[in-house]
Amino acid sequence: MGHTLAEKIIADHLLNGPAEVWPGDLVEVHVDLVLANDITAPIALREFEKLGVQRVFDPAKVVLVADHFTPNKDIKSAEQCAQVRRFARELGLPHYFDVGRMGIEHVLLPEQGLVAPGDLVVGADSHTCTYGALGAFATGMGSTDIAVAMATGQTWLRVPETIRIVYYGQLQPWVGGKDLILYTIGKIGVDGARYMAMEFAGPTVDTLSMDGRFTMANMAIEAGGKAGLFACDETTRAYVHGRVKRPFREYQADPDARYARVLEIDASTIEPQVAFPHLPENTRPVSQVGEVRIDQAVIGSCTNGRLEDLRIAAAILRGRRVHPDVRCIIIPGTQQVYLDALREGLIETFIEAGAAVSTPTCGPCLGGHMGILAAGERAVSTTNRNFRGRMGHVDSEVYLAGPAVAAASAVLGRIAHPDEL
Amino acid sequence: MMLSGTVWKYGDNVDTDVIIPARYLNLSTPEELAKHCMEDIDPTFAGAVQAGDIIVAGDNFGCGSSREHAPLAIKGAGVSCVVARSFARIFYRNAINIGLPILECPQAVDETESGDRLSVDLRTGTITNERTGRTYHTSPLPEFIMGIVQSGGLIPYTIKRLQGRNR
Ligand code: SF4
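Same order as they appear, the protein sequences are chains A and B.
Just so we're aligned: 370 in the working numbering is position 370 of the first sequence, and the numbers increase by one with no gaps anywhere.
Just so we're aligned: 579 in the working numbering is position 158 of the second sequence, and the numbers increase by one with no gaps anywhere.
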């Protein structure tokens, strides 16, 4: 009997291994990278101090990113960041990313080559699962877990079952990774992959760019998943080439691996998707949205703040104007994405269209700052969660979509398909 | 590690908001949290629970937010163990990490009622219902998870291990 991607990566990280593992096994593993951000690190650091250790297990393998409430939005967040900064200095952590160098963690870490295929990564952030796009096993945890992983380089895991989702068929114009994952979550529900690893496969995702794959793996957690993985291929290799400076291992699922469920999806029938408030599973094809006026359009986040996303938005906004009733906010995921977009002329396009462009930050995605909604307001957003009050007032609404729909909606003032322009 | 106590039984999808409502998240000690444990699903619980009692519940126990306050409140209330059909993932981790033993055993859940007395042998994964006399076998907690639980949680467990390494 063969093994899934998740099982194989975990098996090779066992403290007392390597050995075979099966779903349900509770195991102790070595981790390759530990992550925390400006809102989760302070709690983890408190627990870390209780351990009474003077150093982290390997300074090069602990990454701290100040991305949520930065550039600091208020005094409380400034103090949290100060605490994290001090910790990073005292312990000599080379991978501490502050304003001017930082980006949204899940865009930044792969871009900087800090995550490699085959790695086992844990992070105090639920969207740590994004790195599964590189063929790594990456999952979010609580603060106590992360404190211990920072100190010891080890953690414990329950080996997850795997749900394999196979996509076939040619994608329609304007359909990308975001639409595939929203469609999938709409089909299986927000707990459709609870406890499980999701394995994304098939000819359609084989042709998907790395940026599209990051978007899909990012939202595995929105189906309750513990991780979302892609096997390593030419596209992965081309991406990590020149970024990852250490040896790594590529994994493929065995043909006879045992899955909890295998789902086949004909991707050629998928239209651009929109998830209605207040759950990511409330998806509809954009043609069935009806008349939904919007006050704000947000393009960015760890889901869709990469260069490809900005190129799509720019292709739609070029030579057009943002609707007078809409505030369009565009947030490049990292400084590098920002610079690339600037050099390509995308930023100019956005500003000429009447959009605001911000320095990288999580900002409005979690209702932090940089675009909070008032009561009764509606936003279309390329982010990953549309829970009640996620972007501001409890009586505001967030509609999730990909960058094409978000940009077209910004122009038309209502949720729209780019072909309506 | 043998446990035994009176059963408090609940249904499916007991979420972290009913285990410890968000309005009490400004509290942080297990004792303070315990006073409000299960308040929104069973207001009698916090006043009547006895040390050693056991919570038995359906599927997806502890779903919702990642707050570590939820297992802390249950542990603070004196509950010795939670037996459920299944647990939400982050609750499962958090419970182990703060030293609250939890077991998945659908059959035992289905055949147990509030007020029954259960005895649980964590080492063997055996659950016995003293009223019905029936015994159930579930996977015991692995050695190192037992180690975490017996030490009182992941932090004390890790401290012990780190000291052992330096010796
Ligand atoms: S962009 Fe949003 S979802 Fe992503 S890490 Fe930041 S707050 Fe979390």
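Note that CB positions come from ideal geometry on N, CA and C, so glycine has one too.
It should be emphasised that the depicted structure is a prediction, and the values quoted were computed from it without experimental measurement.
Item, Value
"Could you list which residues in chain B have their beta carbon closer than 7 Å to that of A/L229, in chain order?", "Ordered by position in chain B, no residue passes the 7 Å Cβ test against A/L229, which lies about 16 Å from the chain."
"Kindly list the residues whose CB is nearer than 6 Å to the CB of B/R588, restricted to its own chain and excluding five residues on each side of it in sequence; keep chain order.", "Note on B/R588: pLDDT 48, under 50, position unreliable in the model; the coordinate value appears next. Excluding residues within five positions, none has a Cβ falling inside 6 Å."
"Starting from B/G536, follow its DSSP beta bridges and name the residues at the other end.", "Beta-bridge pairing links B/G536 to no other residue."
"Is it buried or exposed for A/F387, if we count other Cβ within 10 angstroms and need 16 for buried?", "exposed"
"Out of A/E111, A/T207, A/L45 and A/L373, which one is the CA nearest neighbour of A/L91?", "A/L45"
"Can you tell me whether A/Q273 is buried or exposed, with buried defined as 16 or more other CB within 10 angstroms of its CB?", "buried"
"Please confirm if B/A494 has its CB atom under 9 Å from at least one CB of chain A.", "no"
"Among A/T359, A/H369 and A/D419, which residue has its Cα nearest to the Cα of A/V99?", "A/T359"
"To the nearest angstrom, how far is it from the Cα of B/V477 to the Cα of B/Y513?", "14 Å"
"Using 10 angstroms around the beta-carbon of B/P451, count the other beta-carbons present and answer buried if the total reaches 16, otherwise exposed.", "buried"
"Cβ of A/T283 within 9 Å of Cβ of A/A275?", "yes"
"Give a yes or no on contact between the stretch 136-146 of chain A and the stretch 33-48 of chain A, applying the rule of three or more CB pairs nearer than 8 Å.", "yes"
"If we count the other Cβ atoms within 10 Å of its Cβ and call it buried at 16 or more, is A/I312 buried or exposed?", "buried"
"Is B/R588 helix, strand or coil by DSSP?", "Confidence at B/R588 is low in this model, with a pLDDT of 48, below 50, so the placement of that residue is unreliable and no value is reported for it."
"Compute the distance between the beta-carbons of A/E111 and A/D125, then report whether it is under 9 Å.", "no"
"Tell me B/H558's beta-bridge partners as DSSP assigns them.", "B/T547"
"Hey, does A/E47 have any beta-carbon neighbour from chain B nearer than 9 Å?", "yes"
"For A/C81, verify whether its CB is less than 8 Å away from any heavy atom of the ligand SF4.", "no"
"Is there a Cβ of chain A sitting closer than 9 Å to that of B/C458, yes or no?", "no"
"Ignoring anything shorter than 3 residues, give me the beta strand (DSSP E) runs that lie fully in the stretch 93-119 of chain A, in order along the chain.", "none"
"Can you give me the C-alpha to C-alpha distance between B/P561 and B/T545, rounded to a whole angstrom?", "5 Å"
"Rounded to a whole number of angstroms, what is the C-alpha to C-alpha distance between A/P18 and A/R158?", "16 Å"
"If the cut-off is 8 Å on Cβ atoms, which residues from the stretch 459-491 of chain B count as contacting chain A, listed in chain order?", "N481, C484, S487 and E489"
"For the beta strand (DSSP E) holding B/E525, just list the boundary residues, first then last.", "I523 to E525"
"Give me the Cβ distance between A/L35 and A/V107, rounded to the nearest whole Å; I'm assuming they're in contact under 8 Å.", "Contact flag wrong, Cβ pair sits at about 13 Å."
"Going along chain B in order, which residues have a C-beta closer than 7 Å to the C-beta of A/L26?", "P563 and I566"
"Considering only DSSP beta bridges, list what A/E199 is partnered with.", "A/R164 and A/L229"
"Given 8 Å as the limit, tell me if B/S560 has its C-beta closer than that to any heavy atom belonging to the ligand SF4.", "no"
"Using a threshold of 8 Å, is the CB atom of A/T303 nearer than that to any non-hydrogen atom of the ligand SF4?", "yes"
"Pick helix, strand or coil for A/V274, following the three-state DSSP scheme.", "strand"
"Which one or two residues does DSSP pair with B/C502 in a beta bridge?", "B/I475"
"Report the residues of the stretch 570-585 of chain B with a CB closer than 7 Å to any CB of chain A, ordered along the chain.", "L575, I576, T579, I580 and L583"
"Is A/N384 near the ligand SF4, judged by its Cβ being under 8 Å from some heavy atom?", "yes"
"If we call anything under 9 Å between Cβ atoms a contact, is A/G368 one with A/H68?", "yes"
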